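Protein chains: 2
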Amino acid sequence: MARPVEFDENKVLNSAMEQFWREGYEASSVQKLLDCTGINRGTLYNSFGDKDTFFKSCVDQYHKIIDKQIESSLKNPELNAWDSINAYFDEAVLNISNKHRSMGCLLVNSLCESINYDKDMKKVVRGSLATIRKAIVARLKEAQKKSKLKKGVSVEFAADVLMNTLHGVRVNSRDGKNNRQLKELIKHSINTLKK
Amino acid sequence: MARPVEFDENKVLNSAMEQFWREGYEASSVQKLLDCTGINRGTLYNSFGDKDTFFKSCVDQYHKIIDKQIESSLKNPELNAWDSINAYFDEAVLNISNKHRSMGCLLVNSLCESINYDKDMKKVVRGSLATIRKAIVARLKEAQKKSKLKKGVSVEFAADVLMNTLHGVRVNSRDGKNNRQLKELIKHSINTLKK
DNA sequence: CTTATACTTGACCCCCCATTCAATTTTACT
DNA sequence: AGTAAAATTGAATGGGGGGTCAAGTATAAG
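Top line first, the protein sequences correspond to chains A and B.
For the first sequence, my numbering begins at 27 and goes up steadily by one.
For the second sequence, my numbering begins at 27 and goes up steadily by one.
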């Protein structure tokens, strides 16, 4: 017995997510968020809360993308450990639009912004990054069991190396590095861990 | 025949640089810059120009630090190629205060902010990063001449790997990774290139 | 001591920031 | 048709954003 919502929540979240992703938290004014989502001022506050809350929802939305990428790569049972890790980098970095690639990573960008000093935000961003690492760790354990992990390299350290490469690549993406160069960097990093 | 300046230009630039470094361009309001530098509003605009110009000067100031680090490591004639590269990472990442380390890198942070879309800013930030890479390339060429570079690895690619590791480490720094972990990541990356 | 020159100061400007809210519209149930 | 519930709307609010400027102040040259 109430008026139904007119906007598509998913579309709104995606548009806002892209805005935050491209320009960061600070530079994304509420007005810009209204413009890119097409919703009205009051609607935003009524349905999504204040800017902070909205941002967190957008990070959640971003995390959904990550989850999908993990699902079809790292958690794909048809792939062996290293193939799945390769597949993840493909999903996350290489096989995406130039537009998105040049925007880097919302999580990395947020770490590098002042919003990183907010306890809640930190928790959300770190949580999302931890999910990626966890999925990588699972596959590295598998690789280790099958003696496919380089000797003397621990699973935890290998995960750190891969995450570090991922972060570096994300920064380099924002610096305009092309796909070929990023691919080489990823390939090299993985090769240093593979047996 | 004019009144002499009262502020110490270098101190002002250092304080403002730290503010921009810690919180980024967008979150650093002019008021915050006045507070941390101790100078007056008019003085800032008279002596340093508008916020954009001031920011560029602060990046220049940051670049001076980088230059010093390069001078005592990568350009140190008493060190061989790989020792000098190790020394650079020490100077830039490991042997600095926890406070500074946790702030990451002003250049990387700027790449990840919306200011990255400003042509002038891009030029300044990229220029500074290019200086680091150039100094690394010089040493890698030396290593290659002395057959200390791993076979099949080009100087340019090795430089890309090191820069990517540096970027990754800078993001991880802002994520709170400790010195020991960063050291391991750097060591590993260098070892993959060294012969 | 006077004067030209530059630095310093903070009040002031307009604009856009995030946020609120009362009025309006749209629906579903009775 | 009437009404309760929720969504929508955009004007309004207070505050802080970046930037300006006229007045005051300190210096060195003449």
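Note that the Cβ used here is the ideal one computed from N, Cα and C, for glycine as well.
Keep in mind the model is a prediction, meaning the values are calculated, not measured.
Contact set for B/S128: own chain, Cβ-Cβ below 8 Å, skip 5 residues either direction
On the second sequence, residue 128 of chain B is found 102 positions in, with the first residue counted as 1. For B/S128, where only same-chain residues beyond five positions count, the Cβ hits under 8 Å are S199, R200 and G202.
Following the continuous alpha helix (DSSP H) through B/K82, name the residue where it begins and the one where it ends.
The residue you call residue 82 of chain B lines up with position 56 of the second sequence. Note, B/K82: alpha helix (DSSP H), K77 to E97.
C-beta neighbour in chain A for B/E104, strict 8 Å:
Translated into the one-based positions of the second sequence, residue 104 of chain B becomes position 78. Taking CB atoms only, B/E104 has no neighbour in chain A less than 8 Å away.
Going along the chain, which residues of the stretch 137 to 149 of chain B sit with their C-beta nearer than 9 Å to a C-beta in chain A?
L137, C138, E139, S140, I141, N142, Y143 and K148
Nearest-angstrom Cα separation, counted from A/T157 out to A/F46:
In the first sequence, counting from the first residue as 1, residue 46 of chain A sits at position 20. In the first sequence, counting from the first residue as 1, residue 157 of chain A sits at position 131. Those two C-alpha atoms are separated by around 21 Å.
Any beta-carbon of chain A closer than 8 Å to the one on B/N124?
The sequence position of residue 124 of chain B within the second sequence is 98, counting from 1. No, its Cβ sits nowhere closer than 8 Å to a Cβ of chain A.
Any beta-carbon of chain B closer than 8 Å to the one on A/V197?
Indexing the first sequence from 1 puts residue 197 of chain A at position 171. Chain B contact via Cβ: present.
Start and end residues, alpha helix (DSSP H) containing A/A184
Within the first sequence, the letter at position 158 stands for residue 184 of chain A. Run containing A/A184: V181 to R200, per the alpha helix (DSSP H) assignment.
So is B/T79 in contact with chain A if we call contact Cβ pairs under 8 Å?
Along the second sequence, read from residue 1 onward, the residue named residue 79 of chain B stands at position 53. Judged by the 8 Å Cβ criterion, B/T79 is not in contact with chain A.
Integer-rounded CB distance, given that B/S215 should sit under 8 Å from B/R165:
Here residue 165 of chain B refers to the residue found at position 139 when the second sequence is read from its first residue. Here residue 215 of chain B refers to the residue found at position 189 when the second sequence is read from its first residue. No, B/R165 and B/S215 are not in contact; Cβ-Cβ is about 15 Å, not under 8 Å.
To the nearest angstrom, how far is it from the Cα of B/L105 to the Cα of B/A161?
On the second sequence, residue 105 of chain B is found 79 positions in, with the first residue counted as 1. On the second sequence, residue 161 of chain B is found 135 positions in, with the first residue counted as 1. So the two alpha carbons sit approximately 14 Å from each other.
What's the C-alpha gap between A/K148 and A/F183?
Your numbering for residue 148 of chain A matches position 122 in the first sequence. Your numbering for residue 183 of chain A matches position 157 in the first sequence. Spanning the two alpha carbons is a distance of roughly 23 Å.
Which class does A/L105 belong to by DSSP, given the choice of helix, strand or coil?
Counted from its first residue, the first sequence places residue 105 of chain A at position 79. It is coil, neither helix nor strand.
Step through the CB atoms of chain B and report whether any lies within less than 8 Å of the CB of A/N190.
Residue 190 of chain A sits at position 164 when you count from the first residue of the first sequence. Answer yes: the Cβ-Cβ gap between A/N190 and chain B drops below 8 Å somewhere.
Could you give the C-beta distance for B/C138 and A/C138, rounded to a whole number, given that I count them as a contact under 8 Å?
Counted from its first residue, the second sequence places residue 138 of chain B at position 112. Counted from its first residue, the first sequence places residue 138 of chain A at position 112. That belief holds up - the Cβ atoms of B/C138 and A/C138 are roughly 4 Å apart, short of 8 Å.
Would you verify that the beta carbon of A/H214 is, or is not, closer than 8 Å to some beta carbon of chain B?
Your numbering for residue 214 of chain A matches position 188 in the first sequence. Output row for A/H214: interface = yes.
Along the chain, where does the alpha helix (DSSP H) that runs through A/L59 open and close?
Locating residue 59 of chain A in the first sequence gives position 33, counting from the first residue. Taken as a continuous stretch (DSSP letters only), the alpha helix (DSSP H) holding A/L59 covers V56 to T63.
Can the beta-carbon of A/S98 be found closer than 8 Å to that of B/E49?
Taking the first sequence and counting its residues from 1, the one referred to as residue 98 of chain A is at position 72. Taking the second sequence and counting its residues from 1, the one referred to as residue 49 of chain B is at position 23. No, they are not a contact pair.
Close beta carbons around A/V179, own chain, < 7 Å, minus the five adjacent residues each side:
Looking up residue 179 of chain A in the first sequence gives position 153. Closer than 7 Å at Cβ, skipping near neighbours: L219.
By the three-class DSSP mapping on this structure, what secondary structure does A/K220 have?
Walking along the first sequence from the start, residue 220 of chain A turns up at place 194. Correct three-state label for A/K220: strand.
Do the stretch 29 to 43 of chain A and the stretch 60 to 68 of chain A meet, that is, are 3 or more Cβ pairs less than 8 Å apart?
yes
Proximity to A/K125 [Cα-Cα], best of A/N204, A/P30 and A/A28:
Start at 1 with the first residue of the first sequence, and residue 125 of chain A comes out as number 99. Taking each of A/N204, A/P30 and A/A28 in turn and checking the Cα distance to A/K125, the smallest one comes out for A/N204.
Output yes if chain A places a C-beta closer than 8 Å to the C-beta of B/E20; else output no.
Beyond the ends of chain B as shown, which are 27 and 221, falls residue 20 of chain B; an answer cannot be given.
B/V163 versus B/V181, B/L132 and B/V187, residue with shortest Cα-Cα distance:
Translated into positions along the second sequence, residue 163 of chain B becomes position 137. Out of B/V181, B/L132 and B/V187, B/V181 has the C-alpha closest to the C-alpha of B/V163.
Can B/R159 and B/M189 be called in contact, C-beta distance under 8 Å?
The residue labelled residue 159 of chain B in the question sits at position 133 within the second sequence. The residue labelled residue 189 of chain B in the question sits at position 163 within the second sequence. Here B/R159 is near B/M189, since their CB atoms are less than 8 Å apart.
Helix, strand or coil for A/L132, going by three-state DSSP, please let me know.
In the first sequence, counting from the first residue as 1, residue 132 of chain A sits at position 106. In the three-state scheme derived from DSSP, where H, G and I count as helix and E and B as strand, A/L132 is classed as helix.
Under the DSSP definition of a beta bridge, which residues are partnered with B/L100?
Here the question's residue 100 of chain B lines up with position 74 in the second sequence. BP columns for B/L100 are empty, so no partner.
Got a sec, what are the start and stop residues for the alpha helix (DSSP H) B/Y71 sits in?
Residue mapping note: residue 71 of chain B aligns to position 45 of the second sequence, counting from 1. Counting along the chain, B/Y71 sits inside the alpha helix (DSSP H) bounded by residues R67 to F74.
Considering only their Cβ atoms, is the gap separating A/H89 from A/S136 smaller than 8 Å?
Here residue 136 of chain A refers to the residue found at position 110 of the first sequence. Here residue 89 of chain A refers to the residue found at position 63 of the first sequence. Not closer than 8 Å, so no.
Using 8 Å as the limit for Cβ to Cβ distance, is B/E13 near chain A?
Nothing about residue 13 of chain B can be reported from this structure: the residues present for chain B run from 27 to 221 only.
Any idea if B/T191 is buried or exposed, counting beta-carbon neighbours within 10 angstroms, 16 or more meaning buried?
Residue 191 of chain B sits at position 165 when you count from the first residue of the second sequence. Burial call: buried.
Among residues of its own chain, excluding the 5 on either side of A/F33, which ones have a beta-carbon nearer than 8 Å to its beta-carbon?
Counted from its first residue, the first sequence places residue 33 of chain A at position 7. Contacts found: T63, G64, I65, T69 and S73.
B/V150 and B/K82 look like a contact to me (Cβ under 8 Å); what is the Cβ gap, rounded to whole Å?
Translated into positions along the second sequence, residue 150 of chain B becomes position 124. Translated into positions along the second sequence, residue 82 of chain B becomes position 56. The beta carbons of B/V150 and B/K82 sit about 5 Å from each other, so the pair counts as a contact at 8 Å.
Residue from A/L60, A/D186 and A/D78 with nearest C-alpha to A/D146:
For this step, residue 146 of chain A is matched to residue 120 along the first sequence. Per the Cα distances, A/D78.
Residue from A/K221, A/Q207, A/K213 and A/V134 with nearest C-alpha to A/K176
Along the first sequence, one-based indexing puts residue 176 of chain A at 150. Nearest of A/K221, A/Q207, A/K213 and A/V134 to A/K176, Cα basis: A/K221.
Might you give, ordered along the chain, the residues of its own chain that have their beta carbon closer than 6 Å to the beta carbon of A/I96, omitting 5 neighbours on each side?
Taking the first sequence and counting its residues from 1, the one referred to as residue 96 of chain A is at position 70. Cβ neighbours of A/I96 beyond the five flanking positions: A161.
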